[in-house]
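S.K.: One structure coming up, written as structure tokens, with questions to follow.
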Amino acid sequence: MSHRDACLVINAGSSSLKFSVFCGAGRSDLEAVLTGQISGIGTAPRFEAKDAARHVLADGILDEVGPGDRAGLLGFLLTWMRHELRDVRLVAAGHRVVHGGTRFDAPVRLTPAVLAELEALVPLAPLHQPHNIAAMTALAEVYPELPQVACFDTAFHRTRPWQAQMFALPRELTDEGVRRYGFHGLSYEYIAQRLPQIAPELAEARVVVCHLGSGSSLCGMRAGRSVDTTMGFTALDGLPMGTRPGAIDPGVLIYLMREKGMGPDELERLLYHKSGLLGVSGVSNDMRALLDSENPQAAEAVELFCFQVAKQAAGLAAAMGGLDAVVFTAGVGENSAPVRARVAEKLGWLGVHLDGAANRARATRISAADSRVPVFVIPTDEERMIASHTLAILARNAVHPPLAA
Ligand code: ADP
Numbered sequence: 001m002s003h004r005d006a007c008l009v010i011n012a013g014s015s016s017l018k019f020s021v022f023c024g025a026g027r028s029d030l031e032a033v034l035t036g037q038i039s040g041i042g043t044a045p046r047f048e049a050k051d052a053a054r055h056v057l058a059d060g061i062l063d064e065v066g067p068g069d070r071a072g073l074l075g076f077l078l079t080w081m082r083h084e085l086r087d088v089r090l091v092a093a094g095h096r097v098v099h100g101g102t103r104f105d106a107p108v109r110l111t112p113a114v115l116a117e118l119e120a121l122v123p124l125a126p127l128h129q130p131h132n133i134a135a136m137t138a139l140a141e142v143y144p145e146l147p148q149v150a151c152f153d154t155a156f157h158r159t160r161p162w163q164a165q166m167f168a169l170p171r172e173l174t175d176e177g178v179r180r181y182g183f184h185g186l187s188y189e190y191i192a193q194r195l196p197q198i199a200p201e202l203a204e205a206r207v208v209v210c211h212l213g214s215g216s217s218l219c220g221m222r223a224g225r226s227v228d229t230t231m232g233f234t235a236l237d238g239l240p241m242g243t244r245p246g247a248i249d250p251g252v253l254i255y256l257m258r259e260k261g262m263g264p265d266e267l268e269r270l271l272y273h274k275s276g277l278l279g280v281s282g283v284s285n286d287m288r289a290l291l292d293s294e295n296p297q298a299a300e301a302v303e304l305f306c307f308q309v310a311k312q313a314a315g316l317a318a319a320m321g322g323l324d325a326v327v328f329t330a331g332v333g334e335n336s337a338p339v340r341a342r343v344a345e346k347l348g349w350l351g352v353h354l355d356g357a358a359n360r361a362r363a364t365r366i367s368a369a370d371s372r373v374p375v376f377v378i379p380t381d382e383e384r385m386i387a388s389h390t391l392a393i394l395a396r397n398a399v400h401p402p403l404a405a
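According to full-length UniProt numbering, the stretch in the sequence shown is residues 1 to 405, in order.
See below:
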């Protein structure tokens, strides 16, 4: 039997590990063959997998290994894959890694030295980076020969001018890494590649991409390169999100510390889990539930969200010196016609006008024929981007083997 080369893509969180498998040799011929996740890591792990047609291949409790044994869980996944995908040969694994700091402006093959550098970045992303690293070390433990590649959420934004990367803080803080990094970079990079395929005339354009999901941010990109973005040092900055407030006056934090005696852990809970759409509405962090709700606070949460998307999109237009196109992507951006309509309405003065029917039908191009600024809905695919990077690095390494492992 001839085997097809495949790349395993891993997106590891605190209690879940999402995975997908892509077959093919490069960007143009990548075929998604499998997606799934191990959830409940540390408590009661559950294994789910679907094929490309979204048929369930597996769904059940995983009690063969210890609940927190990441190497054991990944070992299970690899064994399961060997049985399930008999015509596939795994050639590499690509990981979504939240933080590449100032050091990594592109994906990198994992070596012990790279791993040490990623560990040094943990203080910049303490809630995410350790889980990304744990998945890499666990995979190395069960399959040491498998090449692994780290793909960063920050890397795409390294092209921004210095003004967009610096806080107005004393230099020594900037020098030690307190900077605006920006996130969702793999999503923006995917859109930067897709948009010119859909609209070749926009290859050099100034585009605001609205990545609106449970985490949300915007990116202003020119000719497919990031000019500015709304997230900053952490994924808390910028837009209000499902449970995060987005940009707030830092004086609020001083007030909460002084007047309410809040420490870092309590502030972290407030800012990551209790704010945003959930905090404002008191109803839900899910945009669908808010749009369906009769509760006036739910309506306020939606309005607050759309207001900030439009306001910050206009700020990005200023950073780019103009606006030639808008793209909506991610859970809310791809699926919520009412949110797209309200954001577009607020950007009308910049020349953004939707075709109501096209918007409701979720067409690829949803702007009115006479809209100066064309507007698109483009589903993002961070996993495909990771697979594409991983296989490209593997191909380069095959031609130029590293001098030392
Ligand atoms: P993540 O940031 O976790 O990757 P997604 O990009 O998948 O999140 O977005 C998830 C969010 O998308 C959900 O919380 C929900 O609010 C929103 N969403 C999904 N479908 C719809 C819909 N039809 N209408 C409005 N919002 C939706």
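Where is the CB? At the ideal position from N, CA and C, for every residue including glycine.
1) Starting from the N-terminal side, write out each stretch of the alpha helix (DSSP H) that is 4 residues or longer and does not extend beyond the stretch 233-272.
2) For Glu259, decide whether its Cβ has a neighbour in chain C, counting only Cβ atoms nearer than 8 Å.
3) When DSSP labels each residue in this structure, what does Glu84 get in the three-state scheme?
4) Under 8 Å, with one C-beta from each stretch per pair, do the stretch 283-297 and the stretch 166-180 reach the 3-pair mark?
5) Terminal residues of the continuous alpha helix (DSSP H) containing His131?
6) Under 8 Å, do Ala71 and Glu141 count as touching if we go by C-beta distance?
7) For Thr232, count the other beta carbons within 10 Å of its own beta carbon; 16 or more makes it buried, fewer makes it exposed. Which is it?
8) Can you look up residue 429 in the DSSP assignment and give me helix, strand or coil?
9) Identify which residue in Tyr272, Glu204, Thr243 and Cys210 has its Cα closest to the Cα of Ser187.
10) Quick one: Cα of Ala49 to Cα of Glu84, how far?
11) Jot down the residue ranges of each uninterrupted beta strand (DSSP E) in the stretch 269-331, minimum 3 residues, whole runs only, in chain order.
12) Starting from Ser28, trace the alpha helix (DSSP H) in both directions and tell me its first and last residue.
13) Classify Thr43 as helix, strand or coil using the three-state DSSP reduction.
14) Sort Met385, Gly213, Ile393 and Gly315 by Cα distance to Ala164 and report the nearest one.
15) Quick one: does the C-beta of Val309 sit closer than 7 Å to a heavy atom of the ligand ADP?
16) Would you check if there are 3 or more beta carbon pairs closer than 8 Å linking the stretch 193-202 to the stretch 303-317?
17) Closest to Ser281 by CA distance: which of Pro45, Glu303 and Gly348 is it?
18) I believe Leu62 touches Gln37 by the beta-carbon criterion, under 8 Å. Please report the beta-carbon distance rounded to the nearest angstrom.
19) Could you pull out every residue in the same chain whose Cβ sits closer than 7 Å to the Cβ of Arg158, ignoring the five residues on either side in sequence?
20) Quick one: what does DSSP say Met231 is sitting in, helix, strand or coil?
21) Please determine if the stretch 19-29 and the stretch 386-397 are in contact, where contact requires at least 3 C-beta pairs separated by less than 8 Å.
22) What do you reckon, are the CB atoms on Ala125 and Val149 nearer than 8 Å?
23) Mapping DSSP to helix, strand and coil, what is Ala404?
24) Using the three-state DSSP reduction, which class does Val343 fall into: helix, strand or coil?
25) Rounded to the nearest angstrom, how far is the Cβ of Thr229 from that of Ser217, given a contact under 8 Å?
26) Taking C-beta to C-beta, are Asp59 and Val33 nearer than 8 Å?
27) Closer than 7 Å between the C-beta and any heavy atom of the ligand ADP: which residues qualify, listed along the chain?
28) Is the separation between the beta-carbon of Leu354 and that of Ile366 shorter than 8 Å?
29) I need the straight-line Cα distance from Leu169 to Arg180, nearest angstrom please.
30) Measure the C-alpha to C-alpha separation of Leu30 and Arg86 and round it to an integer number of angstroms.
31) Starting from Ser187 and walking both ways along the alpha helix (DSSP H), at which residues does that stretch end?
32) Smallest Cα separation from Ala113: which of Val309, Thr79 and Ile133?
33) Would you check if the distance between the CB atom of Glu334 and the CB atom of Val377 is smaller than 8 Å?
34) Mind reading off the beta-carbon distance from Val326 to Val252? Whole number of angstroms is fine, and I expect it under 8 Å.
35) Terminal residues of the continuous beta strand (DSSP E) containing Leu218?
36) Which same chain residues, not among the five before or five after Asn11, have their C-beta less than 6 Å away from its C-beta?
M.R.: In short:
1) With a minimum length of 4 residues, the continuous alpha helix (DSSP H) runs that stay inside the stretch 233-272 are 250-260 and 264-269.
2) Checking the listed chains, one finds no chain C in this structure; it contains a single protein chain.
3) Here the question's residue 84 lines up with position 84 in the sequence shown. Here Glu84 sits in helix by DSSP.
4) By the Cβ test, the stretch 283-297 is not in contact with the stretch 166-180, since fewer than three Cβ pairs between them sit closer than 8 Å.
5) Counted from its first residue, the sequence shown places residue 131 at position 131. For His131, the enclosing alpha helix (DSSP H) has its first and last residue at Gln129 to Val142.
6) Within the sequence shown, the letter at position 71 stands for residue 71. Within the sequence shown, the letter at position 141 stands for residue 141. With contacts defined as CB atoms closer than 8 Å, Ala71 and Glu141 qualify as a contacting pair.
7) By 1-based counting over the sequence shown, the position of residue 232 is 232. The sequence as given places Gly at residue 232; Thr does not occur at that position. The residue in question, Gly232, is buried, as its Cβ has 16 or more Cβ neighbours within 10 Å.
8) Since the first residue shown for the chain is 1 and the last is 405, residue 429 is missing from the structure and cannot be characterised.
9) Here residue 187 is taken as the residue at index 187 of the sequence shown, counted from 1. Considering only alpha carbons, the answer is Cys210.
10) On the sequence shown, position 49 is the one that residue 49 refers to. On the sequence shown, position 84 is the one that residue 84 refers to. Distance between the alpha carbons of Ala49 and Glu84 is about 10 Å.
11) 325-329, all fully within the stretch 269-331.
12) Here residue 28 is taken as the residue at index 28 of the sequence shown, counted from 1. It is not in any alpha helix (DSSP H) - Ser28 carries neither H nor E in the DSSP assignment.
13) Taking the sequence shown and counting its residues from 1, the one referred to as residue 43 is at position 43. Look at Thr43 here: in three-state DSSP terms it is coil, with no helix or strand label.
14) Along the sequence shown, read from residue 1 onward, the residue named residue 164 stands at position 164. The shortest Cα separation from Ala164 among Met385, Gly213, Ile393 and Gly315 belongs to Gly315.
15) The count along the sequence shown starts at 1 and reaches residue 309 at position 309. No, the beta carbon of Val309 sits no closer than 7 Å to any heavy atom of the ligand ADP.
16) Too few Cβ pairs lie closer than 8 Å, so no.
17) For the purposes of this step, residue 281 is taken as residue 281 along the sequence shown, with counting starting at 1. The option with the nearest alpha carbon to Ser281 is Glu303.
18) The sequence position of residue 62 within the sequence shown is 62, counting from 1. The sequence position of residue 37 within the sequence shown is 37, counting from 1. Actually they do not touch by this definition, with Cβ atoms about 11 Å apart.
19) By 1-based counting over the sequence shown, the position of residue 158 is 158. Its chain contains Asp105 as the residues whose beta carbon lies nearer than 7 Å to that of Arg158, once the 5 sequence neighbours on both sides are disregarded; these appear in chain order.
20) Here residue 231 refers to the residue found at position 231 when the sequence shown is read from its first residue. Here DSSP, grouped into helix, strand and coil, assigns Met231 to coil.
21) Yes, the stretch 19-29 is in contact with the stretch 386-397.
22) One-based indexing of the sequence shown puts residue 125 at position 125. One-based indexing of the sequence shown puts residue 149 at position 149. For Ala125 and Val149, no; Cβs fall outside 8 Å.
23) Within the sequence shown, residue 404 is the residue found at index 404, counting from 1. Note that Ala404 has pLDDT 47, beneath the 50 cutoff, so the model's placement of it is unreliable and the number below is only indicative. Shown here, Ala404 sits in coil according to DSSP, grouped into three states, outside any helix or strand.
24) The residue given as residue 343 occupies position 343 in the sequence shown. In the three-state scheme derived from DSSP, where H, G and I count as helix and E and B as strand, Val343 is classed as helix.
25) The sequence position of residue 229 within the sequence shown is 229, counting from 1. The sequence position of residue 217 within the sequence shown is 217, counting from 1. Rounded to whole angstroms, the Cβ separation of Thr229 and Ser217 is 6 Å, and the two are in contact under 8 Å.
26) What you label residue 59 is simply residue 59 of the sequence shown in a count that begins at 1. What you label residue 33 is simply residue 33 of the sequence shown in a count that begins at 1. Val33 is positioned such that its CB atom lies no closer than 8 Å to that of Asp59.
27) For the ligand ADP, the residues with a Cβ under 7 Å from any of its heavy atoms are, in chain order, Gly213, Ser214, Gly215, Gly242, Asn285, Asp286, Met287, Arg288, Leu291, Ala330, Gly331, Val332, Asn335, Ser336 and Val339.
28) Residue 354 sits at position 354 when you count from the first residue of the sequence shown. Residue 366 sits at position 366 when you count from the first residue of the sequence shown. Result yes, Cβ atoms of Leu354 and Ile366 sit closer than 8 Å.
29) In the sequence shown, counting from the first residue as 1, residue 169 sits at position 169. In the sequence shown, counting from the first residue as 1, residue 180 sits at position 180. Straight-line Cα distance between these residues: approximately 11 Å.
30) The sequence position of residue 30 within the sequence shown is 30, counting from 1. The sequence position of residue 86 within the sequence shown is 86, counting from 1. The straight-line gap from Cα to Cα measures roughly 18 Å.
31) As a position in the sequence shown, residue 187 is number 187, starting the count at 1. Per DSSP, Ser187 belongs to the alpha helix (DSSP H) from Gly185 to Ile198.
32) Walking along the sequence shown from the start, residue 113 turns up at place 113. Of Val309, Thr79 and Ile133, the residue nearest in Cα terms is Ile133.
33) One-based indexing of the sequence shown puts residue 334 at position 334. One-based indexing of the sequence shown puts residue 377 at position 377. Less than 8 Å divides the Cβ of Glu334 from the Cβ of Val377.
34) Your numbering for residue 326 matches position 326 in the sequence shown. Your numbering for residue 252 matches position 252 in the sequence shown. About 31 Å separates the beta carbons of Val326 and Val252, which is beyond the 8 Å limit, so they are not a contact pair.
35) Start at 1 with the first residue of the sequence shown, and residue 218 comes out as number 218. Going by DSSP, Leu218 is part of the beta strand (DSSP E) stretching over Ser216 to Arg222.
36) Taking the sequence shown and counting its residues from 1, the one referred to as residue 11 is at position 11. So the list reads Lys18 and Arg96, once near-sequence residues are dropped.
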